[in-house]
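Heads up, the sequence shown is in my numbering, so the first residue is 90 and it goes up one at a time.
The beta-carbon is built from N, C-alpha and C at its ideal position, and this holds for glycine as well.
Just so it is clear, the structure is predicted and the values come from calculations on it, not from any experiment.
Report on one structure; see the data block that follows.
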Amino acid sequence: MSDINIKKIKTDSDLEIKNSNATQKLYIETYGCQMNVNDSEIVVSILAENNYATTDDIKEADLILINTCSIRDNAEQRIRGRLTLFRQEKKRKPDLIIGIIGCMAERIKEKLLEQEKLVDIIVGPDAYRDLPNLLQQVEDGQKAVNVLLSREETYADISPVRYAANGVSAFVSIMRGCDNMCSYCVVPFTRGRERSRDVKSILREVGELVDNNFKEVTLLGQNVDKYKFEQENGAVLNFASLLKVVAETYPNIRVRFSTSYPQDMNDEVLETMASHKNICKHIHLPVQSGSTRILDLMKRGYSQEWYLNRIDAIKRIIPDCDISTDIISGFCTETEDDHKETLKVMETVGYDFAFMFKYSERPNTFAARKFEDDVPEDIKTRRLNEIIALQQVLSEKANASKVGKVFEVLIEGTSKKSPNDLFGRSSQNNTIVFPKKTYKKGDLVNVKVLKHTSATLIGEIVD
Ligand code: 5AD
Ligand code: SF4
């Protein structure tokens, strides 16, 4: 799952939920991946039915929820910092309820409640429906915990409240959990077993978004290529068929997805992308390492050769597709030669974009139990810096190659730098800024790229 780098996602006050009957105020902060953003939308929806409207102002809140991420240690440390701050708020307002939800709630459970006395309520990713009961328990003077993982829960019937969305693009969860068990990864422990959501409820949710003028959906799952849903007539729908049915049922909406898994991403998915104009031409295909030996230790289930074969397939079937990735530097036993293999793969693929991380040992994972975290910190840092520097060169090259070309752009809003400019994203997921003319958020326009900075393309609308 692509990680949005532990960014705090703020409520867009324009879209604040003004639930007119609500008497209670919820302040919610979200860390981690897109899946967590979508989960917060589900939580807001559940609580909107239970007398809560959202607020952007901590001081106004009756309930503070922090939706957490455990993927790396630094994510958890930052969240602990925020919790300490919220406790100070509670000193000022003793009735304030503080809840920790999401992956970190699942991972450290009672520890937060008992040893650290930081929170009143702890809810794991599969237990959000229980929030109203848990809140009642807290109001009755108890601490409340539900971290049960489920094999079935997909929140299929809940329409997420898009409180933090831009009004144009929204996340739609198609599956939950992960069965891959990569040796470094905490996700299977925090989000439980893989399960796919009923296609009918996915189509219903996309339909609601279309009715509300949304123009783009991102289908979310930890490993979307494993989507598998048995319909009432016994037919089994795989991810390629799901993409096809979403794209064909709603031809006027753009469809994205995240995250693909190299071992499972097949040509059928690529061919479906190529044959549907409204399926965006961008694939996030985490490589993690370029070394087959390290990939084995990571239990990724593919070799460098296999990965590069998948990249060749993307380039052959969808020549105008952008490719992004995730890379971990300094995994257990990584040598200089392994690291060089990673740099080599980066060059061979020519990634348009990458999320790059230092390995962070997570308690109880296979790697933590079986391997020593033996690459010294300074070497991890140096290797990561080399990876980042190379990616800068590759991104620069990719951006330069787009100058002079025309892309269809979905307008997402006004540029932060100038009120006379708009910005949006191309099908390939590049951000492009251009003078607004008479266009507005939500319009699809053709933009010719004229120049670029390191992260942004700059262009003009061509009619
Ligand atoms: N240490 C560092 N990075 C990690 N990721 C997952 N687990 C770890 C870890 N223990 C990275 C992977 C994954 C992304 C979401 O986070 O690259 O694809
Ligand atoms: Fe998302 Fe949880 Fe993984 Fe963080 S640990 S990236 S919140 S699934």
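Could you give the DSSP three-state label for residue i: helix, strand or coil?
i, result
"F328", "helix"
"N474", "helix"
"N535", "strand"
"N156", "strand"
"E242", "coil"
"C369", "coil"
"A216", "coil"
"M90", "Legend: pLDDT at M90 = 45, less than 50; position of this residue unreliable, value from coordinates given subsequently. DSSP places M90 in coil when its eight states are reduced to three."
"N518", "coil"
"E549", "strand"
"S258", "strand"
"C122", "strand"
"L115", "strand"
"R284", "strand"
"Q377", "strand"
"I187", "strand"
"D401", "helix"
"S504", "coil"
"V638", "Lying before the first or after the last residue shown, residue 638 is absent from the chain, which here runs from 90 to 552."
"F496", "strand"
"G323", "coil"
"Y141", "strand"
Can you check whether the CB of residue j is closer than 8 Å to the CB of residue i?
i, j, result
"A336", "V344", "yes"
"D151", "L207", "no"
"N453", "L546", "no"
"N156", "I117", "yes"
"R196", "F278", "yes"
"L374", "I412", "yes"
"T110", "C158", "Per the sequence presented here, residue 110 reads as Asn, with Thr not at that position. In this structure, C158 does not lie closer than 8 Å to N110 by Cβ."
"M387", "Q377", "yes"
"D268", "L237", "no"
"F328", "N127", "no"
"F496", "I521", "yes"
"L292", "T338", "yes"
"I407", "K370", "yes"
"Y440", "Q480", "yes"
"V498", "S515", "yes"
"S134", "S248", "yes"
"I187", "F175", "yes"
"T144", "K182", "no"
"N139", "G502", "no"
"E466", "S543", "no"
Straight-line CA distance for residue i to residue j?
i, j, result
"A478", "L397", "22 Å"
"F523", "L136", "39 Å"
"R167", "K537", "41 Å"
"I468", "G419", "7 Å"
"V276", "D314", "17 Å"
"G296", "V257", "14 Å"
"E130", "K506", "29 Å"
"V464", "K433", "20 Å"
"I372", "H365", "15 Å"
"V306", "F460", "40 Å"
"R451", "C274", "7 Å"
"F512", "C122", "23 Å"
"N367", "K179", "48 Å"
"T527", "N519", "22 Å"
"V551", "N535", "6 Å"
"T243", "D219", "14 Å"
"R286", "E319", "10 Å"
"V438", "L483", "10 Å"
"K525", "D532", "11 Å"
"H541", "A245", "41 Å"
"E241", "G281", "10 Å"
"N222", "S330", "38 Å"
"Y350", "V358", "12 Å"
"C421", "F442", "25 Å"
"E149", "E228", "18 Å"
"I403", "Q517", "13 Å"
"Y316", "Q352", "14 Å"
"V132", "K289", "21 Å"
"L473", "T119", "26 Å"
"R399", "R405", "10 Å"
"N301", "A142", "20 Å"
From the beta carbon of residue i, is the nearest beta carbon of chain D less than 8 Å away?
i, result
"M354", "Protein chain content of the structure displayed is limited to a single chain, and chain D is not contained in it."
Count the C-beta pairs between the region 232–241 and the region 208–217 that are closer than 8 Å, then say yes if the count reaches three, no if not.
yes
Are three or more beta carbon pairs between the region 426–433 and the region 374–389 nearer than 8 Å?
yes
Specify whether the region 263–272 and the region 304–323 touch according to this definition: at least 3 beta carbon pairs, one from each stretch, less than 8 Å apart.
yes
Would you check if there are 3 or more beta carbon pairs closer than 8 Å linking the region 442–457 to the region 390–405?
no
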